[in-house]
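Data first, discussion second: the structure below is written as structure tokens.
Protein chains in written order, with our numbering: chain L, 2 to 463; chain R, 110 to 214.
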């Protein structure tokens, strides 16, 4: 005999409304000596019993809510009806009740398939549809938001793993939600017709969609591990915050149920606590980031003061240094590899070399971004996106110049080269296109043809 | 095509309404129907509860007494009209049967 306090838990494996599959499963568990005693969103919990053949029925009470402190009079009335036929309530969860009977041939709780379909349909409309519609709206919003972001900053979108990963995830959620809603509508149409012939058509659990969503979550979690150190910490903290807020929301809901708060009060308080905590955590994180920044795992080698601000000095590897182009004497520099992000489509690295102090006259800074396009089909899209980032602005009939103009690519040994026209000046900012690489480089001085040649050789290959 | 809600009644809907010609406790209907039909028709407890709720929503019955979880119900004029319509449909079916099979019926 198993220990009295011995309990068994299983991950919820059936759709909330798949009563036929649940009944079959709970009956099988009873023959193995486990009686269902608690159902939650994620788990079934069983208590040990003598293995026996029991009849188990899952029913729905459409007006019930998981925020109810106790079953309503009407719900208890339904339980009284069931008790009259020898059915004992084992557990309830939101709209769902699970009854059992040890009689050999008890009168079924549901005897009219038309009424049964109508009851499940009412329960679906009250509970599942609003949840699906909200998630559908959220996924649509995220897709539009991410799509706009991809259009506005194609390079950043395609080279940032967390941004690129979010798109298929939301797309999958959108399809899953549409699939669920269509499946519900189709079930209702077919079940109504079948019920006319006295046949009950159960709601089916769709495991493919569930598995796809679980796999996607695992994929997203794994992709965060591949992020740079600082962003990874941020992502993990964010995930912990989300899980924490959900858990605290649940604790509040359960506590209010225990003290007998009404459904409305419990719902309002749980939502309020969840929203307030989310904003509090967001505010706290924003404050922390503004105050202390996100550590990106880079180690400065020193610092200097300028106009009351403290700047850190780095000595990081760069494909092209100012000293490759001119004599810098014994001057002091900060060499920074600021951004490095990569996906299977694109990689992007930003470099900057700042003059700190000392050395001969005329020393100027240098900064550039190297973009490697791994998917040839995206090359023109990326190039056009970079060119389009600079747009002339027309206001009150006056045109403010801000665009790239083609220049001789031969000087750069490139397939395409552009120089930035800004206001009434031609800046020393160039967009250079090689076979799979595009570089945007800004010289803080006017480079000589020799310097351009050296820069081209270094940036093209390194 | 499935039928419009309550345009026609299932056998169990019919007998639940029939029981409520006189005031009756919901729970008692569970026994009245088998007694009325000689055990030919039985209604499950969940089905009975849900039917009472749906009939109440549709104005086909009313609650006449509420004592906590114990409630009594009574058929309304609208409920009676639904029963009459169903009865007429059943009679028409029986008539059609007789027309086809004549004295064999």
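All C-beta atoms in this analysis are idealised placements derived from N, C-alpha and C, irrespective of residue type, glycine included. Predicted, not measured: the structure shown is a model, and the values here were computed from it.
- Under the Cβ criterion (8 Å, minimum of three pairs), the region 48-55 of chain L counts as touching the region 27-39 of chain L.
- Runs of beta strand (DSSP E) with 3 or more residues, each lying fully within the region 79-119 of chain L, are found at 89-94 and 97-102, listed in chain order.
- Contact check between the region 102-118 of chain L and the region 131-148 of chain L: fewer than three CB pairs, one atom from each, fall below 8 Å, which does not count as touching.
- In terms of Cβ geometry, residue 159 of chain R and residue 116 of chain L form a close pair [threshold 7 Å].
- DSSP places residue 434 of chain L in the uninterrupted beta strand (DSSP E) bounded by 426-434.
- Taken through DSSP and simplified to helix, strand or coil, residue 386 of chain L comes out as helix.
- Taking 7 Å as the cut-off, the beta carbon of residue 82 of chain L is found no closer than this to the beta carbon of residue 90 of chain L.
- Going by beta carbons, residue 121 of chain L and residue 18 of chain L fall inside the 7 Å limit.
- Judged by beta-carbon spacing, residue 275 of chain L lies within the 7 Å limit of residue 246 of chain L, meaning their Cβ atoms are closer than that value.
- The beta carbon of residue 94 of chain L sits closer than 6 Å to those of 40, all from its chain and outside the five residues before and after it, given in chain order.
- Inter-residue distance for residue 169 of chain R and residue 164 of chain L is about 57 Å (C-alpha atoms, whole angstroms).
- Contact note: residue 86 of chain L reaches chain R through 139, 153 and 154, using a C-beta cutoff of 8 Å and chain order.
- Annotation: residue 373 of chain L is outside any alpha helix (DSSP H); the continuous beta strand (DSSP E) that includes it extends over 367-374.
- By the criterion of at least three beta-carbon pairs nearer than 8 Å, the region 391-409 of chain L is not in contact with the region 373-383 of chain L.
- Excluding the 5 residues flanking it on each side, residue 47 of chain L has same chain C-beta neighbours closer than 8 Å at 8, 9, 10, 11, 30, 35, 36, 37 and 38, in chain order.
- For the region 150-179 of chain R, the beta-carbon criterion of a distance under 7 Å to any beta-carbon of chain L is satisfied by 151, 152, 153, 154, 155, 156, 157, 158, 159, 160, 163, 177 and 178.
- DSSP, read as helix, strand or coil, puts residue 18 of chain L in coil.
- Shown here for residue 401 of chain L: same chain residues with a beta carbon closer than 8 Å to its own, the five before and five after excluded, namely 393, 394, 395 and 424 in chain order.
- Between the region 128-146 of chain R and the region 195-212 of chain R, the count of C-beta pairs closer than 8 Å stays below three; the two stretches do not touch.
- Residue 146 of chain R has a beta carbon lying at 7 Å or more from every beta carbon in chain L.
- Residue 411 of chain L is not bridged by DSSP to any residue.
- The three-state reading of DSSP puts residue 312 of chain L in strand, counting E and B together.
- Counting other Cβ atoms within 10 Å of its Cβ, residue 265 of chain L stays below 16 and is therefore classed as exposed.
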